[in-house]
Amino acid sequence: MIRKALVSLAAMAALSPAAHAESGWHLLNMTQGVTDISRKIYSLHMLIFWVCVIIGVVVFGVMIWSLVKFRKSQGAVADTTMVHNTKVEIVWTVIPVAILVAMAVPAANTLVQLEDTRNTELTIKVTGYQWGWQYDYLDNGVVFFSRLTREADAARRLASGTDVTKIANYLRDVDNPLIVPVDTKVRLLVTATDVIHAWWVPEFGIKKDAIPGYVNEMWFKVDADKAGTYRGQCVELCGRDHGFMPIVTKAISKAEFDSWLKTTAASQKQAAAGGAPQAAPAEPAAPAVANAG
Numbered sequence: 001m002i003r004k005a006l007v008s009l010a011a012m013a014a015l016s017p018a019a020h021a022e023s024g025w026h027l028l029n030m031t032q033g034v035t036d037i038s039r040k041i042y043s044l045h046m047l048i049f050w051v052c053v054i055i056g057v058v059v060f061g062v063m064i065w066s067l068v069k070f071r072k073s074q075g076a077v078a079d080t081t082m083v084h085n086t087k088v089e090i091v092w093t094v095i096p097v098a099i100l101v102a103m104a105v106p107a108a109n110t111l112v113q114l115e116d117t118r119n120t121e122l123t124i125k126v127t128g129y130q131w132g133w134q135y136d137y138l139d140n141g142v143v144f145f146s147r148l149t150r151e152a153d154a155a156r157r158l159a160s161g162t163d164v165t166k167i168a169n170y171l172r173d174v175d176n177p178l179i180v181p182v183d184t185k186v187r188l189l190v191t192a193t194d195v196i197h198a199w200w201v202p203e204f205g206i207k208k209d210a211i212p213g214y215v216n217e218m219w220f221k222v223d224a225d226k227a228g229t230y231r232g233q234c235v236e237l238c239g240r241d242h243g244f245m246p247i248v249t250k251a252i253s254k255a256e257f258d259s260w261l262k263t264t265a266a267s268q269k270q271a272a273a274g275g276a277p278q279a280a281p282a283e284p285a286a287p288a289v290a291n292a293g
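As structure tokens, this is what we get:
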């Protein structure tokens, strides 16, 4: 029986990465993301994970060996004379401190990089409200709201009669996604108008609370070859419809972004001059390569 179990475990371990992905194996761990900082966070996570695994194997290995080797049934007798050993005390104090210091160095380095918003190329103010987001491109005069799509909002209601399984990205799509260029350091200024929200996109490796009366900041830079759509969610319980305020970010080429920004800015300026309601941003052309859609 034990032999069969070991064979089964060996077969599972030998599965290809593709098979792991298909079976949902990747859901058991963090995602590496599409930004440099997200990959550094992932590497730090794996480093700490393996340090903990090694410590666990050593500690529990010694415990199990001691329980088996010196069990009473084998005639072992407890040594009641050793009540203190200065050398042992020093060793089990110095080793954990050394491990903690060794882990603190890469952790501190990653945290410093995570908070480094210098040399940003685009600044966007993100304002959370019940229950949606407002995006303000501070240097370009483009402002718009982003909420759950009308179709999903209608379908989620009781007795709507809609088969939600037939709605693409149900509860994970918005009417106006955040548009950003790839290979550009984007700085987000995050705040809120009513209660605390939180802006989070897993593939970017960043998350910040949106707090009324306070501005948090964070940044991300999507890799040049990772144009596509990336989805997130408000992850701070903010009221009745907390689960219905998704985040959608579209990363497009710099040329496409410049064109979209100019078109949207001109459209909103014209609408404001004519006294019309603020125009919704035009949807940019789909990127050549779509990821995480």
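This note's numbering applies: residue 1 is where the sequence shown begins, and numbers increase by one.
The beta carbon of each residue, even a glycine, is placed where N, CA and C say it ideally should be.
When only Cα atoms are considered, residue 119 and residue 185 end up about 8 Å apart.
8 Å or more divides the Cβ of residue 191 from the Cβ of residue 170.
In this structure, the beta-carbon distance from residue 123 to residue 178 does not fall below 8 Å.
With a cut-off of 8 Å on Cβ pairs, the stretch 134-141 is not in contact with the stretch 103-117, counting fewer than three such pairs.
By the criterion of a C-beta distance shorter than 7 Å, residue 88 is surrounded by no residue of its chain, once the five residues flanking it on both sides are discounted. In the structure shown, the three-state DSSP call for residue 217 is strand. Restricting attention to 198, 227, 107 and 256, the CA atom closest to the CA of residue 235 is found in 198. In the three-state DSSP reduction, residue 27 falls in the helix class (H, G or I). Taking C-beta separations shorter than 6 Å and ignoring five residues to either side along the sequence, the partners of residue 195 in its chain run 238, following chain order. Closest by C-alpha distance to residue 95, out of 125, 258, 59 and 201, is 59. Taking 8 Å as the cut-off, the beta carbon of residue 230 is found no closer than this to the beta carbon of residue 57. In the three-state reduction of the DSSP assignment, residue 211 falls in the coil class, being assigned neither a helical nor a strand state. Restricted to the stretch 49-125, not a single beta strand (DSSP E) segment is unbroken, complete and at least 3 residues in length.
Distance check between residue 221 and each of 247, 251 and 233 places 251 closest, using alpha-carbon atoms only. According to DSSP, residue 196 shares a beta bridge with no other residue. A distance below 8 Å separates the beta carbons of residue 205 and residue 38. Separation of the CB atoms of residue 201 and residue 232 is rounded to 4 Å, and the pair is thereby assigned contact status at 8 Å. With distances taken between CA atoms, residue 173 lies nearest to 243 out of 27, 243, 64 and 45.
By the neighbour-count definition (other C-beta atoms within 10 Å, threshold 16), residue 63 is an exposed residue.
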